[in-house]
Amino acid sequence: MGPRRCDKADEEVRLGKLDGRVAIVTGGGRGIGRAAAELFASEGAQVVVATRSAGPGQDVVDAITETGGTAVLDTLDMGDRQAVRAMVMRAGDRFGRIDIILHNAAYLMPASLADMPDDVLDSMFDVGIKAAFWLTKDALPWLAKSPAGRILVTSSVAGNRKSLPGRVHYGSAKMAVTGFVRGAALELARRGITVNAIEPGLTRTHALECNATEEQIAAMGAQVPVGRPGTPQEIAAGFLFLASDEAAYTTGQTLTMDGGASLGDPHGLLSERED
-13 MGPRRCDKAD
-3 EEVRLGKLDG
7 RVAIVTGGGR
17 GIGRAAAELF
27 ASEGAQVVVA
37 TRSAGPGQDV
47 VDAITETGGT
57 AVLDTLDMGD
67 RQAVRAMVMR
77 AGDRFGRIDI
87 ILHNAAYLMP
97 ASLADMPDDV
107 LDSMFDVGIK
117 AAFWLTKDAL
127 PWLAKSPAGR
137 ILVTSSVAGN
147 RKSLPGRVHY
157 GSAKMAVTGF
167 VRGAALELAR
177 RGITVNAIEP
187 GLTRTHALEC
197 NATEEQIAAM
207 GAQVPVGRPG
217 TPQEIAAGFL
227 FLASDEAAYT
237 TGQTLTMDGG
247 ASLGDPHGLL
257 SERED
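In terms of the numbering used here, the sequence shown is residues -13 to 261.
Pasting the structure below:
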C-alpha cells in the first residue's frame, strides 16, 4: 500500500494561542509593553496599544498591522481615572469583547523619601497600582463573559526582592501589586478570571538604555547569575503563557524573571564559570 496522499483540507491549520481574543496592553509603546503587544498579536489577539505618547504607540500599531495583525492605538494618561474608564469603554465597544488586560504602564520619577513631592507620590500610586484596580473594575463586565479572562500586571523585583535608592515609592507601589494580584485572584476565580503578575529583574528596556551606558549595562548584567540583562521579548513570553489556555490553572501568582539575581550573591558562581 502506497503512501496516503493528503489534500489541503487534511492539513492542520495552526491557530494562535490567543486567536480571536482582545487584549489591552498599557505602556504598550516601548520595552516590555511593546514586546507583549507584538507577541500577543502574532498569536492571534486583537490588541489595544494604550500609551501616553502617540508616536511610539503608533510605531507598534504599524508594526503589528504590517505583519497582518490587528491593533489600534489609544493615547491616555493612566493616572487619570476618567481617561482609563473611557479607554476601556472604547475597546469594549469597538471589539465587542475584552479578554486580556496587561497593565504594564509605569511612572518613573526617582525621589528621596525626605524630599518627595506629594504629586510625585500620588502619580506613582495612581499609575502603578490604582490603575490596575481601575482597569479591572471597568473591564470586568467583558472579562466575566470571556472564556478565558486574564488580568496581568508588570511588577518588579524592586518591590518584593530588593530596594533601590530613591525608589521607595516605586518599590512600595510594586509591592502593592502582589497584594492586588492575590486578592483579586481569589475574588474573581469563580468568575473564570485569572490574575497574575511578572516581576522582571534587570531588563534591556528603553528606560534602562536611556539612563545607563552600554558599559554600565554590561557591568550590571555581569552581576546577574546568567551573565546578562533580560530582554523585553523574554518577559513578554512569560506574559503570553499567563494569557494562554495553558495557564488556566494558574492564578494569584507573581512570576520572578530575573536571571537568578534574586537567588543571592552570584560572585561565587560567576567566578567558577567557564567561557
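The C-beta atom is built at its ideal place from N, Cα and C for all residues, glycine as well.
Check	Outcome
Comparing alpha-carbon positions, which option in V167, K3, A9 lies nearest A77?	A9
Within the continuous beta strand (DSSP E) that includes R136, where are the two ends?	135 to 140
Please classify S39 as buried or exposed, where buried requires at least 16 other C-beta atoms within 10 Å of its C-beta.	exposed
Pull up the DSSP beta-bridge partners for I86, would you.	A9, R136
Return the chain-ordered list of same chain residues with a C-beta closer than 7 Å to the C-beta of V181, the five sequence neighbours on each side being excluded.	I137, V167, A170, A171, L174, T237, G238
Just to confirm, is the Cβ distance from L59 to E29 under 8 Å?	no
Terminal residues of the continuous beta strand (DSSP E) containing T37?	32 to 37
DSSP three-state call for L107: helix, strand or coil?	helix
Could you give the DSSP three-state label for V181: helix, strand or coil?	strand
Taking C-beta to C-beta, are W120 and R67 nearer than 8 Å?	yes
In terms of residues, what are the limits of the beta strand (DSSP E) holding T242?	239 to 243
Let me confirm a value: L249 is counted as buried when at least 16 other C-beta atoms fall within 10 Å, else exposed. Which label applies?	exposed
Quick one, are the C-beta atoms of G178 and G216 less than 8 Å apart?	no
Assuming L172 is part of the beta strand (DSSP E), what are its boundary residues?	Segment 154 to 174 is the alpha helix (DSSP H) holding L172; no beta strand (DSSP E) there.
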